[in-house]
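Number of protein chains: 2
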Amino acid sequence: MAGLREKQKADRERRILQAAVTKFRADGYRAVRIEDLADMAEVSVGTVYNYYQTKGDILMATVAMEVEEVLDAGLTILTDPPEAVDDALLALIFAYYDHSLEYLTKEMWRTAMALAIEAPGTPNGRRYFELDQRLAAQMSDLVQVLQDRGTVRRDLDPRPLGVLLFNNLNQMFLEFVKDDDMTLDVLRRRVDAQTRPLAQLIVAGTAVH
Amino acid sequence: MAGLREKQKADRERRILQAAVTKFRADGYRAVRIEDLADMAEVSVGTVYNYYQTKGDILMATVAMEVEEVLDAGLTILTDPPEAVDDALLALIFAYYDHSLEYLTKEMWRTAMALAIEAPGTPNGRRYFELDQRLAAQMSDLVQVLQDRGTVRRDLDPRPLGVLLFNNLNQMFLEFVKDDDMTLDVLRRRVDAQTRPLAQLIVAGTAVH
DNA sequence: CTACAAAGATGAATGACTTCAACTTTTTTA
DNA sequence: TAAAAAAGTTGAAGTCATTCATCTTTGTAG
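Sequence lines, in order, name chains A and B.
The opening residue of the first sequence carries number 1269 in the numbering used here; numbering runs sequentially from there.
The opening residue of the second sequence carries number 1269 in the numbering used here; numbering runs sequentially from there.
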């Protein structure tokens, strides 16, 4: 199985992705030509296309790496979330935000989002959508955990509530990546201001009026 | 002022836009080449670029036309909205949806949205964002009208509420254009189901629990 | 070890958007 | 009205993503 050919293939793919992460970050997605990646990865242009179907495909592979990191970070929060409901929700949201710029720049995020909207039926569009869904599901899981603890009202369905929270944090993230001047700190503060009031509405044993 | 040159310029621009609306609808934005538009408008490729900076620019001009129609339709609702709060909100939302496919196809909407996200700092991105804001403002205006009438609770700020409603209808519209198989009717039903419960929460003189 | 088959790498060719230096048409000036 | 200036048009050339026929490398059978 692990013959020479297999090893070489794995190595080439790794080199191409490595080149992409480096060059996209350094020069911007748009400015980087496939030939630049090929040069850095020491393969030909044609070979890049043997491993990735399109330029957007290479970007999406990077997005997938990033989102895996984000999901991992989220899992850590899920295992032992803060006591207070608002703190717990914000802990997860901030974990997402804090791990969102590991491999990707704002420009890369914008391009990936644009790609997913423009061609939702392609493998890439579907892949992005699927990553979104996993994040929304993790948010729902957190709500479930809090409900099991008894800190979130029993009469709420964790799934749509998680989706609502995710839609909001995602929309706010979109505003963030659309504005090159907005800092992570401003993003955090805004979402904080939005989320705490909502959290008050869903805590158990409190009258809502 | 209205010399020969001016007339010719206006006429060329009109012909190019007309060609774009026709061809984009018939063959799809992606499939249409600038040369096709140039041929139909009886100008050269270079001339197309004297009137529009990029291919996306031509699309955005079409989007602007469409949104003007949508805003007009909305204004009609604003002058005499239905009595019930939920009916009034839905009347405006449906007016938007019903006028959204006059000039644009789903593919064209997707492309325009992708463009606006990918390049938010360009004239086109800003233009799209601005159109969005005008729609959100109109939704806020409707809430204001209803509040003035006394059917919406006094203690709510119409502006963020309008933005929330717009964000939701916009998000739902995004889902609609992402799915080529979804009909306008399904979109309407979904938004109806989302909006009526929310409307109940904001009507005046009703206890919320 | 040799020859054949399979897998994969290669880069020149293709196609589409965009640019720009040269050419036309319109307007202004005398 | 004729020349000069200004404005605008033109399409060939440039750039870059993507494809594909050909060549090279690796694996396998005798």
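Just so you know, even glycine gets a beta-carbon here, dropped at the ideal spot from N, CA and C.
Model, not experiment: these values are computed from the prediction.
Under DSSP, the alpha helix (DSSP H) around residue i begins and ends at which residues?
i, result
"B/Leu1360", "Val1353 to Asp1366"
"B/Gly1342", "Lys1323 to Thr1347"
"B/Val1445", "Pro1426 to Lys1446"
"A/Asp1307", "Ile1302 to Ala1309"
"B/Val1471", "Counting along the chain, B/Val1471 falls outside any alpha helix (DSSP H), and DSSP gives it neither H nor E."
"B/Pro1388", "Per DSSP, B/Pro1388 belongs to no alpha helix (DSSP H) and is neither H nor E."
"A/Ala1287", "Leu1272 to Asp1295"
"A/Val1313", "Val1313 to Tyr1319"
Kindly list the residues whose CB is nearer than 8 Å to the CB of residue i, restricted to its own chain and excluding five residues on each side of it in sequence; keep chain order.
i, result
"B/Ser1368", "Glu1334, Val1338, Trp1377 and Phe1441"
"A/Arg1394", "Pro1388"
"B/Ala1329", "Leu1285, Ala1288 and Tyr1320"
"B/Asp1416", "none"
"A/Ala1332", "Arg1395 and Leu1399"
Does the CB of residue i have a neighbour CB from chain A at under 8 Å?
i, result
"B/Asn1435", "yes"
"B/Met1376", "no"
"B/Ile1489", "The shown model of chain B, from 1269 to 1477, leaves out residue 1489 of chain B, and the question about it has no answer."
"B/Lys1446", "yes"
"B/Phe1292", "no"
"B/Pro1465", "no"
"B/Met1269", "Low confidence applies here, because B/Met1269 scores a pLDDT of 49, under 50, leaving its location unreliable and the question unanswered by this model."
Below 6 Å CB to CB, which residues in the same chain sit around residue i once its five sequence neighbours on both sides are set aside?
i, result
"B/Tyr1396", "Ala1384"
"B/Arg1283", "Ala1309"
"B/Tyr1364", "Val1338"
"B/Met1407", "Gly1430, Leu1433 and Phe1434"
Could you tell me the distance, in whole angstroms, from the CA atom of residue i to the CA atom of residue j?
i, j, result
"B/Ala1382", "B/Asn1392", "11 Å"
"A/Arg1301", "B/Ile1302", "23 Å"
"A/Thr1347", "A/Arg1457", "25 Å"
"A/Glu1375", "A/Tyr1297", "7 Å"
"B/Asp1366", "B/Leu1452", "8 Å"
"B/Leu1358", "A/Pro1349", "40 Å"
"A/Lys1446", "A/Leu1455", "12 Å"
"A/Leu1277", "A/Gln1462", "According to the sequence displayed, residue 1277 of chain A carries Lys and not Leu. Roughly 48 Å separates the two Cα atoms."
"B/Arg1293", "B/Leu1372", "7 Å"
"B/Arg1305", "B/Phe1444", "The question names Arg, but residue 1305 of chain B in the sequence shown is Leu. Approximately 28 Å between the Cα atoms of the pair."
"B/Asp1355", "B/Val1413", "14 Å"
"B/Thr1344", "B/Glu1336", "13 Å"
"A/Leu1469", "A/Leu1424", "11 Å"
"B/Met1215", "A/Asp1448", "There is simply no residue 1215 of chain B to check, as chain B begins at 1269 and stops at 1477 in what is shown."
"A/Ala1467", "B/Gly1342", "34 Å"
"B/Glu1351", "A/Asp1340", "50 Å"
"B/Glu1281", "B/Asn1318", "9 Å"
To which residues of the same chain is residue i closer than 7 Å at the C-beta, ignoring the five residues directly before and after it?
i, result
"A/Val1411", "Val1420, Pro1426, Leu1429 and Gly1430"
"A/Val1459", "Ile1361, Leu1437 and Met1440"
"B/Lys1275", "none"
"A/Lys1323", "Ile1302"
"B/Arg1464", "Asp1354"
"B/Lys1291", "Val1300, Asp1304, Leu1305 and Met1308"
So is residue i in contact with chain B if we call contact Cβ pairs under 8 Å?
i, result
"A/Met1381", "yes"
Against chain B, which members of the region 1337 to 1353 of chain A pass a CB distance test of less than 7 Å?
So nothing in the stretch comes that close.
Using a beta-carbon distance cut-off of less than 8 Å, what residues from the region 1417 to 1442 of chain A approach chain B?
Within the region 1417 to 1442 of chain A, Asn1435, Gln1439 and Leu1442 place their CB atoms closer than 8 Å to a CB of chain B, listed in sequence order.
Using a Cβ-Cβ cut-off of less than 9 Å, list which residues of the region 1387 to 1406 of chain B approach chain A; keep chain order.
Cβ contacts with chain A come from Ala1387, Pro1388, Gly1389, Gly1393 and Phe1397.
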